[in-house]
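Before any comments, here is the structure.
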Amino acid sequence: MSAEQQTEHYYIPDPSPWPVVGMVSLLTTLVGAALAINGVDIGSYVVIAGLLLFGYLLFGWFSDVVKENLSDCYNHQVDTSFRMGMIWFIASEVFFFLAFFGALYYIRNIALPWLGGDGYLGTTNELLYDGYTPVWPTHGPGEMGGDFIVMGAWGIPAINTFILLTSGATITWAHWGLKLNKQNHLVWGLASTIGLGVIFVILQAYEYGHAYSDLNLTLETGIYGSTFYMLTGFHGFHVTMGAIMLMAILGRSLKGHFSPHNHFAFEAVAWYWHFVDVVWLGLFIFVYWL
Amino acid sequence: MSTYAAEHHHDDHVPTGWRRWVFSTNHKDIGTLYLLFALCMLFLGGASAMLIRAELFQPGIQLLHPDLYNNLVTNHALIMIFGAVMPAAAGLANWMIPLMIGAPDMALPRMNNLSFWILPAAATMLILSFVVPFFPGGGSQINTGWTLYPPLSLQVGMSMDFLIFAIHLLGISSVLASINIIVTLFNMRAPGMTLMQMPMFCWTWLVTAFLLILVVPVLAGGVTMLLFDRHFGTSFFDAAGGGDPVLFQHLFWFFGHPEVYVLLLPSIGVLAHVIPTFSRKPLFGYKSMVGSMLAVATIGMVVWAHHQYTIGMSLGAVTYFMIGTIIISIPVGLMIFNFIATMWRGSMTFETPMLFAVAIILMFTFGGLSGVMLAVVPADMQYHDSMFVVAHFHYVLMPGAVFGLFAGVFYWLPKWTGHMYDEVLAKWFFWINVIGFNITFFPQHFLGLAGMPRRIVDYNVMFTEFNVVSSIGAIIFGLSHLLLLYIVIKTIRGGKKADAKVWEGAHGLEWHLDSPPAFHSWSTAPKAIELTDTYEKPQ
Amino acid sequence: MRFLVSGLARWVVLFVGFFGAGSVYAEYGVNFPEPASGSAQEIYDIHMMTMRVSTLLLVIVFAIVFYSLYFHRKSRGYKADQKFHDTWFGHWSWIIVPTLVLGVDLTIANNANAVLEKVWVVPDDKELMDVKVTGHQWWWEFDYLDHGVKVESRYVPKEDSGDLYLREVDNRLVLPVGTNIRFLHTSADVLHAFWVPELAVKKDAIPGYVTETWVEITREGVFRGQCAELCGTWHARMPIVVEAVPKEQFLAWIDERNAAKAAAAAEASADKTWTMEELMAKGEELYNTKCGACHQVTGIGLPPAFPPLKGSAIATGPIDAHLDIVIKGQPGTAMMAWGGLNDLEIAAIVTYERNAWGNNTGDLVQPADVKQHR
Ligand code: HEA
Ligand code: HEA
Ligand code: CUA
Ligand SMILES: [Cu+2]
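Right under this line is the structure:
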């Protein structure tokens, strides 16, 4: 990892309006969100305006990058910078999820035994809960949200696991196609990955609906509901983002933007997709199964 | 706007007007923006500190409603840490890293601008969170302190949501900046410069950036849970639903403790240049410096719960966290030792950066040692949440972080502006500043030991004397910063011309560029001869 | 000016006395107060030990730095020793220094560990006396679990406490000396922390969880402390006053409290219809102590955090809704459930609120109404 190959000039883009547009859009969105969740009416409109601006920003920024790339502004070193940037971005995402997995771990292995009067702090249970025995999955001694049924692992979640794993394979397959310079192979690989991703999201949405209407398993269902929805929800959000990114890549593939040796964007999205895959495996094991 | 055409430019046309700053992709300009932003925030955070000290000047509630007081405490801490120290350090990084490693710019110049411009947005949200309660229907003030512990933070009105989003923005900014720095350091070093030949400031920032990428997302996760508990009925921090308020503390401090090293390390990096320069002698122990930094970062990630000794952990857990925390004195001690050994048998002169460096060594050691006292669990049963802790962390934060940045600013100001600063005034600033600092915070140790809790707006008469001294010190200390402002402005506007190599004993690539360097520097890689001009070669 | 001078004087004394003889600083309020329990003594000792070690290290660092600053300066013509890092010392210091530091570290940790175990582990004692300590916004509730006595402890306004303002309470926590006492800390709303420096037990009170500490008080006296965890607006107004008395005196005090409690209960359950004057008088007193911190004695509250009751829709509207919020509280806000009060007390408070400060509803709420409403 060093920079022996600094042969040509490193590409420094010209002044660009996108970062400030990004700032404005983020600020608008978040101010709007803060107002909206506190019941101030204009909030939601502000959010929508912010998000539209954000979409415009992404579109504009990435078109610039694509144009620069197509006009051969980037050398090998720039490409490496992009790659490393993406890797570290994913690393930060990993730690974001780690916070939620950590919370789950903490609740199950430290907080609940404490509530149950385990070990050195037995008095909690004696004094406050008088015989309550927490068993995971639980909605706590206060039985928040009322009775609920647990989401089983071997129905839709197992199918979803299968779907995501398959999609990991299809995107790798697409990558081969790209490397072998076979346009069809690439396009079909991408299309099937997107298809699987979309099916995943649809199944997930169906599962949520089922949980809300039939199982009485909601965000309000104590700590089980909280961790369940936060973990799966953020994951689902990432899958959605990943699928959108894949669609952009598909569009660019159809336009023939990628060459067997120059396709950073494709790889970045593929890495992201694998990351989302791996997180799902963690979810399946720790949220649904164990 | 985008010039993607093959017009490969090194024709050095400097953009002009507001576009130059707002649309910038130039590391020097962005560095300047960071530094100016940090300076503004220093004054904003300092102004809240002055109000805090004014309220504590005498017992009784004179100026501030208790909630307003604690809102100021919250803002003071967040503004100082996220608004002043981190951006200032990032500003130094932006300016100096490409110059030091012979790179034409940061690796991802546009993203660099984004990480800066998110900061004003975050500051706006933060200020909004302070302002909102003054409007009808705005809810109550953020009276939680910067730690935002639930359930208290669940009681606060909508200003809390503004703050939570501000923290998200700050997090995004830091993560993007860190990615950029890591990539720059890995990918943009001049040909022939290995990692172990990198200037020490680059190393400190590399480690800092790692830390940030690993811990900031956890904070973001924590405050997100807070947001959901507040508005969407989850029960992460509510025992009735099986959650636990302490969970938030773990998430916060998993971020919070490494964060203090994030604040410390860039300043350590500055010292690693200032001290050799003014001792005219290579940095002692380059390798052990790198090693200790990695050790600090690693151990620092696993000792967070020393902020929560009083929450009822098991004996085993507190013992582990105690020993882990105490052990950090080894790598930090080694760094301090290396600095002293660099001065030892050097040929020292005492320009302002060096004065600050010496003050840091002495006073940071003091703060670090009180940290080790805090790490001792049974004793922390007494110290915890008392003014003793406040004294500890200002002794590590001011010398360890802020003074290091001051040293860096004075050290590199001639390089940036091409003008020498006014040495006489700067020395005055140093002395008033350091003396004021000690008058402010030294007495707080005694307040804490005698039993004064922190974050209280009103106190018993028995604590009066030391608080009076502390507040008077704070006024001296605070006013001294006006002198800093004056010196900086004066230097920007003019002064004696500075040579390329500003300091007699300075080494490193940055001193081979003009002062100020051209808008685009190192667009061709440095020559081998320039590369060898370094103190940081491994021994 | 007087303050400044005496402040500086203390400071000088401190420099001299801090690390030297034991008695000097105690008088000056610059160190822990004199310990009044076994663990506090041990903690005091370990504190002094780490402080002395730190001072020693600090002196060493200062000495070396100042020596170097003085002798190795250019203005004295000192030439830098460019090979210093190449000496044997330069090559081995990376291992020598950490070893030395590790030695000091282990000494500290070792001593600390011994103390820690004693402080942390509650002794296995049949006679152990349990006191449940509940933090409320912004008062303490002490529940003597073994004696059936509860004490509510609130700060005393400046007019009545003078120089002890913020260090004085209306009802003290009375404890016997020479007994192993276990405190069980919990909270009704947000985090608080029980801290009495002389006893050296600081523990967070966490809502929904119980944490524990223990002490054995070794001398009689009055020990003052404060809530040490930020708990909102009046965090500064949560003093704790422990009165340590001989065992017999403690038991006598318990009996007295029990008798008073029985009398109050009898009064409340007596089938008596109360007059407006009686309820208003009682209500005013109760309201001012229990509700005044938030809703203010004047009833105007501290908006936006605490709503006014003067002219409030609830306090002037239907009685049921009013009783409801008082008895059940408002989850998620600082308004706690006051259902623990007896019928008479609630009746008196509600009557008072409905008729004071111009809330002239004329409603008279009797204990029986409260009973029925529950
Ligand atoms: C720059 C910031 C910074 C730095 C560097 C440190 C460094 C250290 N801190 Fe500090 N700390 C804070 C900022 C910082 N801290 C803040 C902001 C808080 C409060 C947060 C809040 O609650 O709001 C805090 C609180 C805090 C606590 C919690 C107190 C409480 O709330 O009860 C503890 C407890 O262990 C602690 C310990 C330490 C230790 C052991 C170090 C060590 O890293 C210090 C190591 C340095 C030395 C030891 C000196 C040099 C070494 C030698 C000369 C060698 C010889 C030494 C020995 C043999 C011991 N700190
Ligand atoms: C990098 C971080 C940083 C920095 C630089 C500072 C700087 C200062 N802090 Fe800071 N402080 C914290 C981080 C920091 N603090 C944190 C994390 C907390 C804990 C918060 C919590 O409990 O949640 C805290 C809490 C804290 C408290 C405790 C409040 C309480 O617990 O009740 C106090 C009280 O004295 C205090 C004082 C000061 C002072 C006087 C300065 C001075 O150094 C400031 C000097 C700078 C200026 C003054 C600015 C420049 C000058 C002007 C604005 C001109 C105008 C001047 C005048 C009118 C005189 N701080
Ligand atoms: Cu209760 Cu602070
Ligand atoms: Cu820490």
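Chains as they are written, first to last, in the working numbering: chain A, 30 to 319; chain B, -13 to 525; chain C, 647 to 1020. Even for Gly, the Cβ is constructed at its ideal location relative to N, Cα and C.
In the displayed model, Glu490 of chain B falls within coil according to three-state DSSP, outside both helix and strand. Rounded to whole angstroms, the Cβ separation of Met113 of chain A and Val169 of chain B is 4 Å, and the two are in contact under 8 Å. Scanning its chain for C-beta atoms nearer than 8 Å, with the 5 sequence neighbours on each side dropped, one finds around Tyr74 of chain A the residues Gly61, in chain order.
Gly781 of chain C has its Cβ nearer than 6 Å to a heavy atom of ligand 3. Between the stretch 287 to 298 of chain B and the stretch 357 to 373 of chain B there are three or more C-beta pairs closer than 8 Å, enough to call the two in contact. In the structure shown, Trp4 of chain B falls within a helical segment according to DSSP collapsed to helix, strand and coil. Of the residues B:Asp215, B:Trp239, B:Leu171, B:Phe172, the one whose Cα lies closest to the Cα of Pro203 of chain B is B:Trp239. DSSP, read as helix, strand or coil, puts Val376 of chain B in helix.
Residue state for Thr250 of chain A is assigned as coil, using DSSP reduced to three classes. For Lys764 of chain C, the enclosing alpha helix (DSSP H) covers residues 734 to 766. The C-alpha of Leu155 of chain B lies about 21 Å from the C-alpha of Leu78 of chain B. Within chain B, the residues placing a beta-carbon under 7 Å from that of Phe125 of chain A are Pro203, Ala206, Gly207, ordered along the chain. Taking 7 Å as the threshold, the shortest C-beta distance from Trp103 of chain B to chain A falls below it. Looking at the backbone, the Cα of Pro186 of chain A and that of Asp93 of chain A are separated by about 40 Å. Annotation: the stretch 340 to 372 of chain B contains the following complete segments of the alpha helix (DSSP H) (minimum length 4 residues), in chain order: 363 to 369. Contact between Val750 of chain C and Val699 of chain C holds, with the beta-carbon distance rounding to 7 Å and staying under 8 Å. Look at Ala89 of chain B here: in three-state DSSP terms it is coil, with no helix or strand label. DSSP places Ala839 of chain C in the uninterrupted beta strand (DSSP E) bounded by 838 to 842. At a cut-off of 7 Å, the C-beta of Pro95 of chain B has a neighbouring C-beta in chain A. Per DSSP, Phe416 of chain B is one residue of the alpha helix (DSSP H) stretching across 409 to 436. Using a Cβ-Cβ cut-off of 8 Å, Leu830 of chain C is close to Thr152, Leu156 of chain A, given in chain order.
The alpha carbon of His264 of chain A has as its nearest neighbour, out of A:Leu215, A:Phe287, A:Ala240, A:His303, the alpha carbon of A:His303. When secondary structure is reduced to three states using DSSP, Leu955 of chain C falls in the coil class, being assigned neither helix nor strand. Residue-level contact by beta carbon fails for Val847 of chain C and chain A, as no gap is shorter than 7 Å.
Non-local beta-carbon contacts of Ser221 of chain B in its own chain, meaning distances under 6 Å to residues more than five positions away in sequence, involve Gly227, Gly229 in chain order. Rounded to the nearest whole angstrom, the C-alpha separation of Tyr317 of chain A and Ala234 of chain A is 16 Å.
These are the residues, in chain order, with a beta carbon less than 6 Å from any non-hydrogen atom of ligand 4: B:His243, B:Val246, B:His292, B:His293.
Chain-order list of chain C residues neighbouring Trp165 of chain A: empty, with the shortest C-beta distance near 18 Å, by a criterion of under 9 Å. Residues of chain B whose Cβ lies closer than 9 Å to the Cβ of Tyr39 of chain A are, in chain order, Ala89, Pro90, Asp91, Ala93, Met174, Ser509.
Contact annotation, Trp117 of chain A with Arg96 of chain B: C-beta distance approximately 16 Å; criterion of less than 8 Å not satisfied. The alpha helix (DSSP H) runs of length 4 or more contained entirely in the stretch 55 to 111 of chain A are, from start to end of the chain, 71 to 99.
Not one heavy atom of ligand 2 is found less than 6 Å from the C-beta of Ala909 of chain C.
Think of a sphere of 7 Å around the beta carbon of Ala951 of chain C: the chain B residues whose beta carbon falls inside it are Asp53, Ser126, in chain order. For the stretch 979 to 1009 of chain C, the set of residues with a beta-carbon nearer than 8 Å to any beta-carbon of chain A is empty. For Val836 of chain C, no CB of chain A lies under 7 Å from its own CB, so it is not counted at the interface with that chain. Placement of the Cβ of Cys877 of chain C at a distance of less than 6 Å from at least one heavy atom of ligand 3 is found.
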